[in-house]
Structure formats: structure tokens, C-alpha cells
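In full-length UniProt numbering, the protein residues as written are 7 to 603.
Below is one structure, written out as C-alpha cells; comments come after it.
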Ligand code: GDP
Ligand code: MG
């Protein structure tokens, strides 16, 4: 098949606008899957993904489409829709010449649509605007076409109108893909140069590497080299997904497919890496390679100290499947042995946590998430800090910087006020305000990531009755007036409770945590002081008065078995106590404080 008959494209859309449904319909219309054998939503096969309704990993499917006696190879590359996976999105886009920009005919343009459409334009992809769900009775395709013109610059006359549900318009869309998406270029006889845009793990075959061949040809049995990783491998199998694996003998410039090379860990396959020949004079590495950036960190501890090694095994298993997840052992006075884990974002953190609980049945204690800080000390040395307790004392800090993200929020006009107020409270700086038409607007703010990760998305949803959508991208690090807020119990700092916050918020947060902790600590034989402090300066203090709680006193009469039971219960309760100095604090108390941020 010659290159001029290949089309590589992706679908970009906001969550729930119908990307998976449209993908299914395209697979069906091209006969890649037949209607009877159809599973729901072929492209997302991770069970969890179906539950959450988002595409976590990019996939690629090759379809054969015949028109006027000519067979075309249409490669649909499925991109993740969520900001946490932005880097993977950008690698997937680099494999395509075109993108279907899919917008729900009722919901209209949303924040992620805009972010992903701009990313596709930056990669010079040909955009095919598509309005989906025209079968809905409340569909407003004309207004949505206008919104798309205002926010994305697409021509309303070029918008394809489809229903992924009924199949209406899908045939026309296939023609549009063939007619408007350019064929790939690249010389099949040049030195091999292919990009790794995704990978996943198969228990039997090891790593499955997804590639787009840019130049040259890759053949079965060939020795290849991963240029960034520096490793060489034999190609054991290669082929395309249609939608299950179909092996072939070679993939040529312009094609998309997979490689299997006996690689035992996904950690050895880097998204964005370049594959070339193993010998002398390999092709140059493709641009754009970047390591996954962990933006959010938290501590994960087994809720019963004994499960530590089980948790470690579970994390190791998980990391084999998800190289962007990172973990290292951490010891906390309060919570014992656990791990400090790095994630691409909050959603990624949630997904990992859910998978851990589902796949390994471990009860987890999670500390409040925090971002990575850049701190320069008095000697001029700059460090990345992943946990609040590692922030140096105030006197040792020269410059304290935090990550800033640019947020796009799309809201119906009547909610602009509340959203602006919310963004300002989160120390946002307004960067833009655009009217999209049909009484909707896009607000742009630069906001510290730390203010976003906690609950900004939920807050925006609730103050817009669910109509507001948020997307963000990293802008960079900026200096801010931040401090480490410590909690001390009878003079001992409790590591798991340290947080980094803006100095102006420190008093309020310190008082709230001290109060909460006071109400959770049981009385001891002596007085217990709970303090919040910045460096050596105490900003809040609460006292738990002395008194030995006499449990048996509650029992009336002389029922000895009941007394024994109570004493036994108290003993068991003790096991889950953590000692801070000579003060015992139940794990539940720590949790109460942690979950309230
Ligand atoms: P994704 O998150 O973009 O992959 O969206 P899905 O394909 O999972 O679709 C989200 C929801 O919209 C599902 O309940 C689909 O059944 C529904 N849906 C998708 N396309 C259409 C359509 O053309 N018409 C109607 N009425 N519903 C659709
Ligand atoms: Mg989907």
C-alpha cells in the first residue's frame, strides 16, 4: 500500500462528547469490527477506564476503507482526554496529520476542547470540525458551530454533523477524512526513524511499544535501538491493531503500529523516544522528548503497619504498567513506614489509588497532596522539594518558588461573577476574558497549582451548577511568600502534618488544625499542648487538659465479662495509636486532620 493511501488521525474532544462512541462507529462502518462481535467501546479496554469514562492510555487502530476501488489505511490514534496526560497527548498528536475536533451539539465548546484543539494546531494538524449528537432533541448545531468559530476559528460550513449513536453522517465523515487529512510523508528507503508514542504491558509478551514510523522501514527480526534509552533489541513481532493484534513483516514510513521486543518492564520504554537502527549512523533523535513530570505528590501508608511489604509489592506491580507513576520509601513519625508517591496530576493520583485498592485489597492512609517546590537556600543552591517536612527553616531560605498553571474556565455568562471571585480567592491573576457567543465565556487565569489541586475543579462545578469546565497547563515556577507550617504536640513536630501555605493563610490554617487535633486527641495523665508554628514562632495553641479516661467506670454493676471486653477493646485500640514523644495519638485523629487539609 503506498503512502498516499494512508491517513493518520486522532479524535480530540471533551469528556463525554462521544469520542469512544464515534471511534466504535468508525470501526464498524469500515468493517474492522462487525456489529455482532462488538464490545461496548472497543478502544478503552481497561475496566477502570470504562467506570470513569475517560481514556487513560492512547491506543491506535488500523482500519481498511474502500472507496472507488481504492483501499485506504485509516489509522485512528486515541489520545487521552485529560490534562494530567498532556505529554502523552502531545506525543500522540505528533503521529497524526489530522484531527477530528469533536464537539457535543448540546454542550458546546468546553475547556478541554479548546486546550486540545490548540495543541493540535500547534502540531500543524489538519482540523476536521465535527458536531456530534445531532440526534438529541435539544441539539443546537448552528449555535455550536458559531461557538467553534469564535473560540477555535473553524469554518461553520466545514463542520461535519454526525450522530455517533445512530451512525448518521458517519459515511460523509469517512470521506472527509480521506479528502482533507493529508497523507503522511517520509522515505521508506531512508534510515529507520520511528517515534514511541505509547506502550502497555502484556503479561505474556512484555512491553508492547506503539510506534509511528517517520522515515525508513522496520522489519521483523531486525535489530533496533531506542536512542534515548540507549538500549538495543531484536524485533520479535510487529504489526497493527485491527482492533486486536495483527502481525505483519514490516511497517514503512507513514505507518502506525506496534513492536514486541522481549522488554520486561515498561520503565525501559520511554514515550517520546526514537527508534532507529542498532548499527552505526542511526537517524537523529526526534524532537520533543520529555520525561513525565510529576506535579503532585502524596504519602501512601498502609493503615495497619504490617501491610508495608504488601503495599510495596502492589506499588511495584502498578509501576510496571504505569511508568509515569513514581514512588520511594518514606518514614513518618506519625504514620510509620510508607511511600512518597509522585503523580502527573490529581486525577492520576486518584486512578492509582483506586487501582491499588481494587487490585490488591490494601487499606491506605493518604496524606494531603502537595506540589513540588523549588527552593534556593542561603548558599545559592536550588532544590526541588517533594514533601513539606523537607522545606528548610525560614532563616535558610533565599527564594521559595511554586508552580503556576494557566487555567481556562468556560462558563455560561450568569456564572462569570462567582467563578472570578473563586479564582481571585485562589490567588489567581486574570489573563483573559473572551466571549464565545451563545452567552458563554472563557476566563483565563494564572493560578498557583497548589491552589488548583485541592478542589478547584469541584468548586467550579458547584458554583456553576455543573456547567463550568476547567483545563490548565503548566506555565512555570514563580516566587511567592510561602512558608512551612508545622504542628507540634508537646513540643514535638509531627512530620505528616506539616504543610506549605501562603504566609497570609498560615494563621487561619494553623488555628484550624490545632483546634481539630485538640478535639481528636484523648486526654492523657498530663496536659497536652498542640501548637502550630512557622519556624520557631508559635502562631496558634490549644491544650488538651489532663485526665485519665477510666473506661471501666462507665460500667454499672459488676458484670465482669463486660469489663473484660472493654479492656480488651481498649488494648486493640492502642495498637493503632502512634506515639509522638510521650503523647499517643490515634491514627484516626491524624486522618481527621489530614482529610480536612
Ligand atoms: P467520550 O468520553 O468522549 O469517549 O464519550 P462517550 O463515547 O463515552 O459518550 C458519552 C455519552 O454520550 C455516552 O453515554 C454515549 O452513549 C453518548 N453519546 C455519544 N455519541 C452520541 C450521539 O451521537 N448521540 C447521543 N444521543 N448520545 C451519544
Ligand atoms: Mg471515551
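Here a beta-carbon is modelled for each residue, glycine too, at the ideal position from N, C-alpha and C.
Buried or exposed by the 16-neighbour rule on C-beta atoms within 10 Å, applied to residue 116
Burial state of residue 116 is buried, judged by a 10 Å Cβ sphere holding 16 or more other Cβ atoms.
Considering Cα atoms alone, identify which of 543, 529, 483 and 456 is closest to residue 506.
Its Cα nearest to that of residue 506, the residue 456 stands out among 543, 529, 483 and 456.
Taking the straight line between their C-alpha atoms, what separation do you get for residue 295 and residue 388?
Near 24 Å, if we compare the C-alpha coordinates of residue 388 and residue 295.
Which partner residues of residue 246 appear in the DSSP bridge assignment?
Answer is 252.
Kindly give me the distance between the Cβ atoms of residue 529 and residue 500, rounded to whole angstroms, as I take these residues to be in contact under 8 Å.
Actually they are not in contact, since the Cβ atoms of residue 529 and residue 500 sit about 18 Å apart, beyond 8 Å.
On the three-state DSSP scale, how would you describe residue 365?
Residue state for residue 365 is assigned as helix, using DSSP reduced to three classes.
My parser needs the beta strand (DSSP E) runs of 3 or more residues fully inside the segment 109 to 143; what are they?
With a minimum length of 3 residues, the continuous beta strand (DSSP E) runs that stay inside the segment 109 to 143 are 132 to 138.
Tell me whether residue 357, by its Cβ, gets closer than 8 Å to a heavy atom of the ligand GDP.
Answer for residue 357: no, Cβ out of range of the ligand GDP.
Just tell me which of 458, 351 and 515 has its CA closest to the CA of residue 503.
Taking only the C-alpha atoms, the option nearest residue 503 is 515.
Rounded to the nearest angstrom, how far is the Cβ of residue 223 from that of residue 170, given a contact under 8 Å?
With 8 Å as the limit, residue 223 and residue 170 do not qualify as a contact, their Cβ atoms being about 35 Å apart.
Residue 238 and residue 284 - do their beta-carbons sit closer together than 9 Å?
It is a contact, given that the beta carbons lie within the stated cut-off.
With C-beta atoms as the reference, is residue 317 less than 9 Å away from residue 370?
Yes, they are a contact pair.
Residue closest to residue 38, alpha-carbon to alpha-carbon, out of 68, 22 and 18:
The residue from 68, 22 and 18 with its alpha-carbon nearest to that of residue 38 is 68.
Collapsed DSSP secondary structure at residue 591 in the structure displayed:
In the structure shown, the three-state DSSP call for residue 591 is strand.
Which of the three DSSP states, helix, strand or coil, is assigned to residue 429?
Helix, per DSSP.
Does the distance between the C-beta of residue 168 and the nearest non-hydrogen atom of the ligand GDP fall short of 8 Å?
True, at least one ligand heavy atom lies under 8 Å from that Cβ.
List the residues that DSSP assigns as beta-bridge partners of residue 210.
Answer is none; residue 210 lacks a bridge partner.
Alpha carbon to alpha carbon, how far is residue 372 from residue 546?
Each residue's alpha carbon lies about 25 Å from the other.
Measure how close the beta-carbons of residue 5 and residue 122 come, nearest whole angstrom, since I'm counting them as under 8 Å.
Outside the shown range of the chain (7 to 603) lies residue 5, about which nothing can therefore be said.
Using CA coordinates, which residue listed in 275, 198, 188 and 226 is at the minimum distance from residue 216?
Cα-wise, what sits closest to residue 216 is 275.
Whole-Å CB distance - residue 190 paired with residue 14, under 8 Å assumed
By a beta-carbon distance limit of 8 Å, residue 190 contacts residue 14. Their separation comes to about 6 Å.
Whole-angstrom distance between residue 136 and residue 616, CA atom to CA atom
Only positions 7 to 603 of the chain appear in the structure, and residue 616 is not among them; the question remains open.
Please name the residue in 84, 111 and 16 whose C-alpha comes closest to that of residue 23.
When only C-alpha atoms are compared, the closest one is 111.
Counting only the same chain and skipping the five closest in sequence on each side, list residues whose C-beta sits under 6 Å from that of residue 144.
For residue 144, where only same-chain residues beyond five positions count, the Cβ hits under 6 Å are 112.
Just curious, the beta strand (DSSP E) that residue 439 is in, first and last residue?
For residue 439, the uninterrupted beta strand (DSSP E) segment begins and ends at 435 to 443.
Any heavy atom of the ligand GDP inside 8 Å of the beta-carbon of residue 144?
For the ligand GDP, not one heavy atom lies less than 8 Å from the Cβ of residue 144.
Once you ignore the five residues that flank residue 641 on each side, which residues in its own chain have a CB closer than 7 Å to its CB?
Because the chain is modelled from 7 through 603, residue 641 falls outside the range shown and cannot be assessed.
Mind checking residue 347: buried by the 16 CB within 10 Å criterion, or exposed?
Result: buried.
Identify which residue in 168, 409 and 517 has its Cα closest to the Cα of residue 484.
It is 409 whose Cα lies nearest to the Cα of residue 484.
Does the ligand GDP have even one heavy atom less than 8 Å from the beta-carbon of residue 171?
In this structure, residue 171 has its beta carbon less than 8 Å from a heavy atom of the ligand GDP.
Near residue 414, which residues of its chain fall below 8 Å by C-beta distance, leaving aside the five closest residues on each side in sequence?
Scanning its chain for C-beta atoms nearer than 8 Å, with the 5 sequence neighbours on each side dropped, one finds around residue 414 the residues 117, 120, 121, 448, 449, 450, 476, 477 and 478, in chain order.
From residue 16 to residue 252, what distance separates their C-alpha atoms?
Here the C-alpha atom of residue 16 lies approximately 20 Å from the C-alpha atom of residue 252.
Considering only their Cβ atoms, is the gap separating residue 345 from residue 307 smaller than 9 Å?
Yes, the Cβ-Cβ distance between residue 307 and residue 345 is below 9 Å.
In DSSP terms, what residue 167 is bridged to:
Answer by DSSP bridge pairing, in chain order: 137.
Taking the beta carbon of residue 336 as the centre, do at least 16 other beta carbons fall within 10 Å, making it buried, or is it exposed?
By the neighbour-count rule (16 or more Cβ atoms within 10 Å), residue 336 is buried.
The ligand GDP heavy atoms versus the CB of residue 122: any closer than 8 Å?
Outside the cutoff, so no.
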